[in-house]
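Beneath this line is the structure, given in structure tokens, with notes to follow.
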Amino acid sequence: MKKYQIIGGHKLHGSIEISGAKNAAVAILPAALLVDGVCRIENIPQISDVTLILQIMQELGAQIKTINRTTMEIDCSHIVNQRVPQDMGRKIRASYYLVGALMGRFGWAEVPMPGGCDLGSRPIDQHIKGFAAMGGAVDVVSGVICGKMNSGNRFKGGQVYLDIVSVGATMNIMLGAALADGMTIIENAAKEPHIVDLANFLNSMGADIMGAGTDVIKIRGVERLRGGTYSIIPDQIEAGTYMAAVAAAGGEVRICNVIPKHLDCITAKLLEMGVEVIEEDDTVLVRRDGPLTRTNIKTMPYPGFPTDMQSQIGAVLCLAQGTSVITEGVWDNRYRYVDELRRMGASIQVDGKVAVIEGVEKLTGAPVHACDLRAGAAMVIAGLAAEGVTEIDSIHHIERGYENLVEKLAAVGAHIRVVETPDEEAAQPQVG
Ligand code: EPU
């Protein structure tokens, strides 16, 4: 079993290059299925969620050529299959984008119900409502999302009001609507940077999408999408995670290749906590020498504080003077990391969606578990700041969403490495 081993207490100094955005990439890559031509996509993050999406697309008949570490050419002119294999689709949340993309191009799709992090109930009713408003019929049969058209083989423009601001539903409806007959209007749409990135990708391939980044998006369907070149935006959450790491461990790090505007919601909170953040063109300089001060956080859809930064900022607040309150406003169950932080000496009480954190003088290293992707990132942050050795298991969760995390942190002075230990279950003596 692979683990991260961190010897905490070392300040971070240097610079970190941010990779392409995971949650943009996992929608933009499936969006290439809509394109009748070659898409050259740049700034693709090397993470396991992306590898899986590309494997699925290859299985469906996409031809994928690696140009360099972060650039690929994807040709979906000859897709042969609209049925996603069970074992592959179930491993990743974003496989639901294959429903919108495949139905949008071919009129039908069969995609296993998605997996991903366990954050409580993760319904897809708003996706299904959107497809229904465009003349699609989507049922879940034996764990498979089966989508087809009520008539013909194209979606028809429709009006969709989302009952909940949903990133996934907004992007999936955009994918379905890009090649529909007529105009689709999404009201109460999500506004995250990756929504705008998907719209920009589709527009650069010939789509006609207006309003992405506001709460009303209008998509006028076009006959076909042609190929082109597109570069994925930098990852807001990866950048925020390293900003939080500097806040917790102390030091001074330049976070490079970012869009500072996307980080405003995170920067504002770090400033309140006594961390210096200086924005430059495409970098932010993060510095922390003095004590951390308490603050309150409520996670919300963009431009609010991102739920995907909740656990990382929670780890930092464990070391802030005073009492901080976090309110999770998006997911039902995103506090599974709290028990792990308690092992390191954190003082946190959780009641439903609210966590109350009493700052402590120090955290101490311990063996901990990465319960999910962002919870795992929180353990890394706590480990960097803690006294002694922290070992984090289940790091496959972290590798789903962070490219070269160990290398990036080691380059700024963190004492972190991957260690291999015998698989504990396999090592158990057999009984009976
Ligand atoms: N929701 C519904 N019905 C739906 C869809 C969503 O009730 O049909 C609810 C959810 O249960 C949740 C809320 O709406 O309470 C928001 O969910 P959303 O659809 O926005 O989330 P998602 O698209 O499934 C994406 C990211 C998550 C991130 C959320 C919120 C991807 C692949 N995942 O999930 O990222 O937390 O948006 O920003 O883009 C992560 O990267 O760690 C991660 C979990």
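Note that the sequence shown covers residues 9 to 440 in our numbering.
Ideal Cβ positions, reconstructed from N, Cα and C, are used throughout, including at glycine.
Excluding sequence positions up to five before and after G391, its CB lies within less than 7 Å of the CB of I14, G16, G373, T398, I400, all in the same chain and listed in chain order. Looking from the CA of N31, the closest CA among H21, N51, D44 belongs to N51. Per the DSSP secondary-structure output, P242 pairs in a beta bridge with G28. For the set M121, G166, S150, the Cα lying nearest the Cα of K137 is the one of G166. With 16 or more other Cβ atoms from the protein chains shown falling within 10 Å of its own Cβ, T275 counts as buried. In the assembly as shown, E428 is an exposed residue. Its beta-carbon has fewer than 16 other beta-carbons within 10 Å. Spanning the alpha carbons of E411 and V388 requires a straight line of approximately 14 Å.
When C-alpha distances from E395 are compared across Q90, R408, V368, R382, the shortest belongs to V368. By the beta-carbon neighbour count (other beta carbons within 10 angstroms, threshold 16), I225 is buried. Boundaries cannot be given for V88, as no beta strand (DSSP E) includes it and DSSP labels it neither H nor E. For secondary structure counted as the beta strand (DSSP E) over 3 or more consecutive residues, the segment 214-301 holds these complete runs in sequence order: 216-218, 224-228, 236-239, 259-264, 284-287, 291-296.
At a threshold of 7 Å, T315 counts as near the ligand EPU, since its beta carbon sits closer than that to one of the ligand's heavy atoms. The DSSP-derived three-state label of N208 is helix. Q63 sits away from R77, with the two beta carbons spaced by 8 Å or more.
If the five residues before and after L37 are omitted, its C-beta is found closer than 8 Å to the C-beta atoms of I49, I52, V58, I61, L62, M65, I82, all from its own chain and listed in chain order. Of the residues assessed, M111 falls on the buried side of the cut-off, its CB having 16 or more other CB atoms within 10 angstroms. In the structure shown, the three-state DSSP call for P375 is strand. With a cutoff of 7 Å, D297 does not count as near the ligand EPU, since its C-beta is closer than that to no heavy atom of the ligand.
Taken from the Cβ of I26, every heavy atom of the ligand EPU lies 7 Å or farther away. In the three-state reduction of the DSSP assignment, P38 falls in the helix class, which pools H, G and I.
Proximity to L279 across I267, C264, D289, N304 peaks at N304, based on C-alpha coordinates. At a cut-off of 7 Å, the beta-carbon of E246 does not count as near the ligand EPU: no heavy atom of the ligand is closer than that. Distances from the alpha-carbon of A220 to those of L233, P201, R295, S212 put P201 closest.
Counting the other CB atoms within 10 Å of its CB gives V107 a total of 16 or more, which places it among the buried residues. The Cβ atoms of T291 and I263 lie closer than 8 Å to each other.
Distance from the Cα of Y238 is smallest, within the candidate group V254, V146, A255, M213, for M213. E284 and G143 have their C-alpha atoms some 51 Å from each other. Cβ neighbours of K164 within its own chain (closer than 8 Å, five residues either side excluded): M142, G143, A188, D189, G190. Per DSSP, the continuous alpha helix (DSSP H) segment holding G384 begins and ends at 381-393.
Contact between V230 and A186 holds: CB atoms are separated by about 7 Å, below the 8 Å threshold.
Judged by the Cβ position, E200 qualifies as a neighbour of the ligand EPU at the 7 Å threshold, a heavy atom of the ligand being closer than this.
Q94: member of the alpha helix (DSSP H) spanning 94-97, first to last residue. For T331, the enclosing beta strand (DSSP E) covers residues 331-335. Judged by beta-carbon spacing, Y343 lies beyond the 8 Å limit of A386, meaning their Cβ atoms are not closer than that value.
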